[in-house]
Amino acid sequence: MNTHMYIKGQALLGAGAVFEVINPATLDIVSHVQGASPSQVDRAVAAALEAFQTWKHVTDSRIIDAFQAIAVDILKHKHDIARLICIEQGKPMALALLEVDLSIDFIQAVAALDIPIEHYNEDSGKKITVYNRPLGVVASITPWNWPFMIAVWHLFPAIKAKNCVVNKPSEYTPLSSIKLVEIINQHLPAGVCNLILGGSQVGNQLSAHPDVIKVSFTGSTRTGQQILQNSIDALKSVILELGGNDVAIVLEDVDIDRVAEKIFNVAFLNAGQTCTCIKRLYVHEDIYDAMIEKLTEYLNAQVIGNGLDHATTFGPVQNKMQFMKVNALIAEALASGATLIKSNQPLPKLGYFIAPALLIDVDESMAIVAEEQFGPVLPVLKFNDIDQVINTSNQVKYGLGSSIWTKDLAKAKQLAERMQTGTVWINSHTDLSPMAAFGGWKHSGLGYSFGINGLLQYTHKQALHVSPY
0 MNTHMYIKGQ ALLGAGAVFE VINPATLDIV SHVQGASPSQ VDRAVAAALE AFQTWKHVTD
60 SRIIDAFQAI AVDILKHKHD IARLICIEQG KPMALALLEV DLSIDFIQAV AALDIPIEHY
120 NEDSGKKITV YNRPLGVVAS ITPWNWPFMI AVWHLFPAIK AKNCVVNKPS EYTPLSSIKL
180 VEIINQHLPA GVCNLILGGS QVGNQLSAHP DVIKVSFTGS TRTGQQILQN SIDALKSVIL
240 ELGGNDVAIV LEDVDIDRVA EKIFNVAFLN AGQTCTCIKR LYVHEDIYDA MIEKLTEYLN
300 AQVIGNGLDH ATTFGPVQNK MQFMKVNALI AEALASGATL IKSNQPLPKL GYFIAPALLI
360 DVDESMAIVA EEQFGPVLPV LKFNDIDQVI NTSNQVKYGL GSSIWTKDLA KAKQLAERMQ
420 TGTVWINSHT DLSPMAAFGG WKHSGLGYSF GINGLLQYTH KQALHVSPY
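Numbering (numbering that gives the first Met the number 0), first residue to last: 0 to 468.
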């Protein structure tokens with residue numbers, strides 16, 4: 000199994016601390032991995048900076064050709080990559096294959112983007128051209144929930160904008176990212192895309208490195224705040240996609256048989272370990288009991304187990320820390336009077352498995368509602384006043400995504416304007432587009448990803464003023 004880092008196009012083992020990659024479905028040690036030493040972090044940044052001196056002049060056609068070739072190679076290795084995702088992250092094979100497919104789609108979408116040039120003419124005869132220039136070295140720190148896809152989200156816009164990158168994946172899930180960067184390095188010049196491994200010390204050194212111009216981070220709000228703190232003295236720019244506590248509001252006019260399965264799937268996607276999963280569900284009191292009954296049917300229909308078993312539809316929580324956090328939130332809610340409705344399907348004896356569950360008899364004072372649980376438990380609250388529920392749902396410190404479920408699209412659009420989130424869905428949730436800007440408000444992040452807005456985050460503007468002689 001490949002556990003190499005990639006610096007200046009060369010595969011090499013880390014010289015720093017050793018860490019274990021554990022299969023969360025079996026608790027088996029998948030691999031021992033050596034992290035980067037401080038000098039290797041410096042070497043990776045230096046390699047990116049050296050490569051940038053040439054890469055910043057590369058033609059757009061060269062980038063497009065390389066991206067298409069990378070996409071083809073990822074497709075060739077699709078099942079091998081999905082297997083790596085399964086054993087390090089825990090998700091079912093079908094979901095791991097989807098992660099690879101969505102990554103390929105994203106690469107192709109980024110390849111097709113054009114970086115705009117603005118032109119202005121003044122009456123004096125002056126001509127002004129505004130260019131979007133590459134930044135230099137970009138640090139990418141990626142999480143454990145969608146390890147392959149989010150690495151693709153970081154790396155390809157940065158490289159498309161003619162930057163060079165150093166990626167550090169989560170120490171929990173490095174294997175699929177190693178395969179990704181291995182493939183990338185077969186098609187791009189040495190040093191354009193580098194990979195280092197390790198834990199928070201490696202990430203801190205990388206994000207604070209004086210030659211890193213921008214940091215792109217996806218993960219917890221607390222870690223994002225630390226990265227932002229590290230950026231202050233050097234005035235680095237950052238893209239932070241942080242925690243979300245997404246709310247879904249279901250109005251009384253919906254057809255429950257039509258929407259309940261959609262709601263279940265986007266609340267429990269990846270065992271609830273997705274930033275834009277529904278984390279709080281408000282259902283109108285007229286249909287509340289029927290919704291609970293229908294959602295319970297879907298809980299009981301899940302096959303919980305090892306993602307490598309093709310019958311599995313529901314995997315484990317990825318790591319022990321998250322397993323303990325989610326169970327603690329459930330226990331706290333139950334102690335405060337909540338009622339747990341959990342799947343009646345058996346759990347494997349080993350692994351970080353939590354039965355998918357609903358929590359009812361909950362309120363906003365409970366941590367399971369006020370905080371992001373990031374796991375397979377959904378608090379479901381009853382409401383009868385739409386104005387009150389919107390005001391209440393906006394009171395949390397997060398603002399990543401939200402959704403309105405109703406047949407009345409005109410009303411839904413009016414309600415959407417009042418939601419304090421970067422993305423609002425109507426009659427869906429979680430389904431992102433590689434063309435539409437994605438980013439969080441409040442404590443959910445800074446900056447944007449996807450589409451031309453996301454691409455331009457990896458540039459800085461230069462205005463050229465040319466006056467007649």
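Positions of the beta carbon are idealized from the N, C-alpha and C atoms, including for glycine. Keep in mind that this is a model prediction, so the values were computed, not measured.
For P146, the closest alpha carbon among the candidates Y119, Q419, L96 and V376 is that of L96. Distances from the alpha-carbon of V180 to those of C276, D288, Y5 and L196 put Y5 closest.
In this structure, the CA atom of I359 is about 35 Å from the CA atom of D27. Comparing alpha carbon positions, the residue from E292, F352, Y130 and I291 closest to M320 is F352. Between the alpha carbons of A337 and V361 lies a distance of about 5 Å. For V258, the enclosing alpha helix (DSSP H) covers residues I255 to A266.
Between T222 and V32, the alpha-carbon positions lie close to 23 Å from each other. In this structure, S448 places its C-beta atom within 8 Å of the C-beta atom of W152. Using a C-beta cut-off of 8 Å, the stretch 173-189 makes contact with the stretch 67-75, since at least three inter-stretch Cβ pairs fall below that distance.
At the C-beta level, L134 and V165 stay beyond 8 Å of one another.
Secondary structure within the stretch 90-126: the beta strand (DSSP E) runs of 3 or more consecutive residues, fully enclosed, are 117-120 (chain order). In this structure A50 is not in contact with A266, their Cβ atoms being roughly 43 Å apart against a cut-off of 8 Å. By the neighbour-count criterion, in which 16 or more other beta carbons inside 10 Å mark a residue as buried, S401 falls on the buried side. At the C-beta level, I127 and A462 come within 8 Å of one another.
Pairing H283 with I389, the inter-Cα distance amounts to about 12 Å.
Rounded to whole angstroms, the Cβ separation of Y397 and N269 is 18 Å, and the two are not in contact under 8 Å.
Across the set D386, R42 and N131, the C-alpha of R42 shows the shortest separation from the C-alpha of I195. Under the three-state reduction of DSSP output, Q387 falls in the helix class. C-alpha of P37 to C-alpha of L11: approximately 15 Å in a straight line.
Non-local beta-carbon contacts of G306 in its own chain, meaning distances under 7 Å to residues more than five positions away in sequence, involve A24, C85, G89, K90, P91, M92, A95 and G314 in chain order. Taking 8 Å as the cut-off, the beta carbon of A110 is found no closer than this to the beta carbon of P433. The beta carbon of I149 lies closer than 7 Å to those of T141, P142 and T217 in the same chain, with the five residues before and after it left out. Distances from the alpha-carbon of R82 to those of H309, I403, H459 and A332 put H309 closest. Exclusion of the five residues before and after F382 leaves Y281, H283, E284 and V388 as the residues of its chain whose Cβ lies within less than 7 Å of its Cβ.
Distance from the CA atom of K159 to the CA atom of G197, rounded to whole angstroms, is 26 Å.
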